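For the sequence shown, numbering that gives the first Met the number 0 begins at 0 and goes up steadily by one.
Using N, Cα and C, we set each Cβ at its ideal position, and we do this for glycine too.
A quick note: this is a predicted structure, and the numbers were derived from the prediction, not measured.
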Amino acid sequence: MRKPIRVLIIDDSAVVRQTLAQLLASDPDIEVMAAVVDPLVAVEKIKSEVPDVITLDIEMPRMDGLTFLRKLMSQHPIPVVVCSSLVEPGDETTLRALEYGAVEIVTKPKVGTKKFLEESSIRICDAVKAAAQARIKPFRGGRSMEVAPKLSADAVLAAGKPQGLRTTEKIALVGASTGGTEALRVFLEALPLDCPPLAIVQHMPEHFTQAFANRLNAGCRISVREARDGDSMLRGQALIAPGNKHMLLKRSGARYYVEVKDGPLVSRHRPSVDVLFRSGANYAGKNVVAAIMTGMGDDGARGMRELFDAGAFTIAQDEASCVVFGMPQEAIKHGGVHKVLSLEAIAGEMVRRCNAG
């Protein structure tokens with residue numbers, strides 16, 4: 000039998016420690032090794048027993064989570080999932096944790112409805128499993144940036160034949176998850192100012208995507224921002240799906256735009272890559288160039304096959320450059336990938352394919 004993933008919980012709130020422990024313990028593949036009050040206690044615990052994954056709060060007494068994370072990742076890298084409260088708009092503290100080497104961000108669970116706790120359990124357990132599989136690199140001081148049923152894109156958008164096209168305008172679609180924050184930075188910084196219109200789903204909690212988009216926008220030649228319902232798809236602009244909302248590509252005549260909407264978790268995620276890709280297959284078909292990047296699980300694999308069948312050109316990130324090869328690997332298994340490329344090669348290939356007409 001496969002050994003369970005041993006998790007060390009670090010949080011100064013007794014209620015959060017208890018809730019996290021209960022949610023993680025509900026998954027047979029996960030074992031809570033210990034739950035401690037702060038990083039200093041955690042350091043002593045790690046000396047005697049090294050966990051497979053750590054869940055880490057950011058704001059704690061005696062030593063804050065960022066300081067602990069930076070020291071841990073530079074001296075003794077262990078996969079870390081940051082478990083944070085909702086950030087204020089523009090707050091980049093938690094995003095900095097990704098630069099220091101954290102694998103995932105999840106929203107701290109709180110007492111709520113049964114549905115909220117079920118979704119929290121799915122997200123937290125999946126984040127821990129993704130972290131356990133991730134390729135962890137030491138931080139060197141530079142940028143490195145039984146559960147509810149698993150629903151398909153049918154829960155948000157019905158599959159259909161691609162609509163007749165009145166435009167040859169090419170649209171770029173991208174999906175990413177674990178390791179995607181850094182992968183998207185590399186990808187977006189390589190795009191030219193007049194790049195094709197771009198819509199992105201990155202698995203990330205509510206409110207974090209605004210700060211994430213702002214940070215990318217500051218470092219890229221193109222405009223990067225969090226999508227709003229009804230936003231037009233424009234050249235030189237990337238729209239990132241808001242956390243906890245699905246984003247769909249739509250078309251009105253020759254104009255492409257995005258729809259941002261609520262809905263159930265699809266492929267265990269909201270936003271879901273499968274939803275974006277299916278909408279691309281339905282409304283843009285052969286006018287799409289799509290890429291699926293690093294991430295745990297299979298979100299996007301079915302949607303990419305639908306794009307492939309609709310005449311789109313599809314790209315998967317290669318295993319060597321992925322933090323977790325899960326999503327690209329599943330897309331390849333589904334037979335929906337034309338080309339497998341390194342992260343550094345994806346931007347150039349997408350631009351060439353879009354400009355080829």
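With a cutoff of 8 Å on beta-carbon distance, G296 and A289 are scored as not near each other. Spanning the alpha carbons of V287 and G325 requires a straight line of approximately 23 Å. With a cutoff of 8 Å on beta-carbon distance, A315 and G284 are scored as not near each other.
For I45, the enclosing alpha helix (DSSP H) stretches over residues P38 to S47. Each of I4, P3 and L19 was checked against the Cα of D10, and the nearest Cα belongs to L19.
With 16 or more other Cβ atoms inside 10 Å of its own Cβ, D273 counts as buried.
When secondary structure is reduced to three states using DSSP, F211 falls in the helix class.
Distances from the CA of A319 to each of A182, V81, N354 and V52 were compared; the closest alpha carbon is that of A182. Scanning its chain for C-beta atoms nearer than 6 Å, with the 5 sequence neighbours on each side dropped, one finds around S231 the residues Y256, in chain order. Secondary structure of F324 (DSSP, three-state): coil. Between T66 and I8, the gap from beta carbon to beta carbon reaches 8 Å or more. Inclusion of G64 and P27 in the CB contact set at 8 Å is not warranted, their separation being larger than that value.
Residue environment: D193 is assigned as exposed (fewer than 16 neighbouring CB atoms within 10 Å of its CB, all protein chains considered). Of the residues V14, F207, K338 and A24, the one whose Cα lies closest to the Cα of V6 is A24.
Check the Cα spacing between H206 and each of V15, G252, L94 and V336: the tightest is with L94. Straight-line spacing of the CA atoms in A158 and A330 works out to 18 Å. From the listed residues C353, R304, S120 and I199, the smallest Cα separation to R277 is found for R304. Under the DSSP assignment, S278 falls in the alpha helix (DSSP H) whose first and last residues are V272 to Y282. Short of 8 Å from the beta carbon of A41, and not among the five residues preceding or following it, lie these beta carbons of its own chain, in chain order: L7, I9, V35, I53 and F67. Using a Cβ distance threshold of 8 Å, L233 and P196 count as a contacting pair.
In the DSSP assignment, A344 falls within the unbroken alpha helix (DSSP H) covering L342 to N354. Nearest to D298 by C-alpha distance, out of R269, S119 and G178, is R269. In this structure, DSSP gives K332 a helical state, which the three-state scheme calls helix. For P204 and N354, the gap between their C-alpha atoms comes out near 33 Å. Taking the CA atoms as reference points, V265 sits about 6 Å from A152. Across the structure, I135 and S73 are spaced so that their CA atoms are roughly 11 Å apart. Cβ contact annotation for V185 (same chain, cutoff 6 Å, sequence separation greater than five): L342, in chain order. Setting aside the 5 residues that flank it on each side, A346 is surrounded in the same chain by F186, A189 and L190, each with a C-beta closer than 7 Å to its C-beta; the list follows chain order. F211 and E43 have their C-alpha atoms some 34 Å from each other. With contacts defined by Cβ atoms closer than 8 Å, G294 and S176 form a contacting pair. Straight-line spacing of the CA atoms in K260 and R224 works out to 17 Å. Excluding the 5 residues flanking it on each side, Q17 has same chain C-beta neighbours closer than 8 Å at A34, in chain order. Taking the Cα of H75 as reference, the smallest distance to any Cα among P327, I45, H245 and T167 is reached at I45.
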